[in-house]
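In our numbering, the protein residues as written are 31 to 164.
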């Protein structure tokens with residue numbers, strides 16, 4: 031039963047990717063369809079049209095196999111020896127630095143929202159305490 035749930039959640043994620051591709055083709059946008067699909071999914075999650083529980087296990091399963099999805103791309107680089115030269119070294123440095131910056135910024139933004147959420151919860155807790163004491 032859990033396997034069926036995971037498969038259905040992956041199908042839902044794929045449906046958003048497909049819808050994004052259709053929107054991209056329909057409006058001839060320069061943004062990839064998968065990114066449009068992710069934005070649509072984010073909007074649906076933000077407005078609680080789709081609960082996180084509808085995609086939680088499927089997304090976790092995809093994240094578990096994510097490294098396997100990068101292996102063909104790495105093997106494909108071997109066909110382009112110029113990427114392994116000095117230009118390739120520069121490209122590698124840029125990739126590593128951008129990854130580090132992305133990780134740092136993700137952490138900072140995550141901490142900011144966590145702190146903001148905690149303050150909001152404390153404020154709501156204080157408000158309910160105050161109204162209950164009256």
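C-beta: ideal position from N, C-alpha, C; glycine also.
All of these numbers come straight from a predicted model, not from anything done at the bench.
Report yes or no: do the segment 49 to 62 and the segment 80 to 89 share at least 3 C-beta pairs separated by less than 8 Å? Between the segment 49 to 62 and the segment 80 to 89 there are fewer than three inter-stretch CB-CB distances shorter than 8 Å, so the stretches are not counted as touching.
Cβ-Cβ distance between residue 73 and residue 39 below 8 Å: Judged by their CB atoms, residue 73 and residue 39 are not nearer to each other than the 8 Å cut-off.
In terms of alpha-carbon separation, which member of 155, 151, 154, 33 lies closest to residue 91? Residue 33 is the option with its Cα nearest to residue 91.
Given a threshold of 16 other Cβ atoms within 10 Å of its Cβ, counted over all protein chains shown, does residue 76 qualify as buried or as exposed? Burial call: exposed.
Since I believe residue 50 is in contact with residue 66 (beta carbons under 8 Å), could you give me their beta-carbon distance rounded to a whole number of angstroms? Indeed they touch by this definition, with Cβ atoms about 3 Å apart.
Quick one: Cα of residue 143 to Cα of residue 137, how far? Residue 143 and residue 137: Cα-Cα distance of roughly 10 Å.
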